[in-house]
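The structure under discussion appears below in the form of structure tokens.
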Amino acid sequence: MGARRKGRVLAFQAVYRHDMTGQTLPELLDVSWMEVQSERALSNETRDFAQLLVQGTLERLGEIDATIGRYLEHWELSRLGRVDLAILRISVYALLHQPSIPASVTIDEAVDIAKEYGGEKSYRFVNGVLDAVRKGLP
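Plus 331 on top of the position in the sequence shown (first one is 1) and you've got the numbering used here.
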């Protein structure tokens with residue numbers, strides 16, 4: 332697994348953790364919540380990319396949630412599974428604020444993370460929402 336993939340997984344876990352525990356941004360960014368062995372194994376590139384995603388996502392959470400909400404069909408944000416929501420949040424942040432990363436890469440990575448960590452149909456749901464967001468970009 333490449334450094335950026337690891338960074339995305341770490342960011343997804345941090346945003347999920349924030350949602351579940353209310354941990355603050357500084358607590359999440361220092362990754363002290365990880366197991367010691369896992370924390371030591373992180374490359375600087377992985378850590379930096381994860382921190383960029385987490386900080387950007389949490390600082391723009393209102394905008395990101397509003398964007399997700401616009402593309403949900405027959406769903407409300409409050410009904411989404413927390414894993415799916417965390418994946419969507421970091422991915423929508425990337426789609427909106429990281430134009431140097433191709434949208435297809437962001438969506439493919441999100442789908443792969445949803446397959447690994449989400450429910451049986453999570454990856455389809457995540458793919459559908461993110462594709463709609465991508466199509467709505469200027």
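Beta carbons are placed, not taken as given, at the ideal position from N, Cα and C, and that holds for glycine.
CA nearest to the CA of residue i, picked from the options
i	options	result
R336	D361, D379 and I399	D379
V414	G450, L383 and V423	G450
F456	S431, I418, R339 and D361	I418
P430	L468, Q382, W406 and E358	L468
S422	I438, Q344 and T377	I438
Cα-Cα separation, residue i to residue j
i	j	result
S453	R401	18 Å
I444	E404	22 Å
R348	Q354	7 Å
S409	R420	13 Å
D396	V442	19 Å
G333	E447	16 Å
T388	V346	8 Å
A381	L360	8 Å
Q368	A463	Residue confidence is low: Q368 scores 43 on pLDDT, short of 50, so the model does not pin down where it sits. Its coordinate-derived value is still stated next. Their backbone Cα atoms lie some 38 Å apart in a straight line.
L411	V385	19 Å
Coarse secondary structure for residue i, derived from DSSP in three states
i	result
S431	coil
S409	helix
D439	helix
T352	helix
L461	helix
L468	coil
Which whole runs of the alpha helix (DSSP H) in the segment 367-402 are 4 residues long or more, in chain order?
-> 367-371, 375-390 and 392-401
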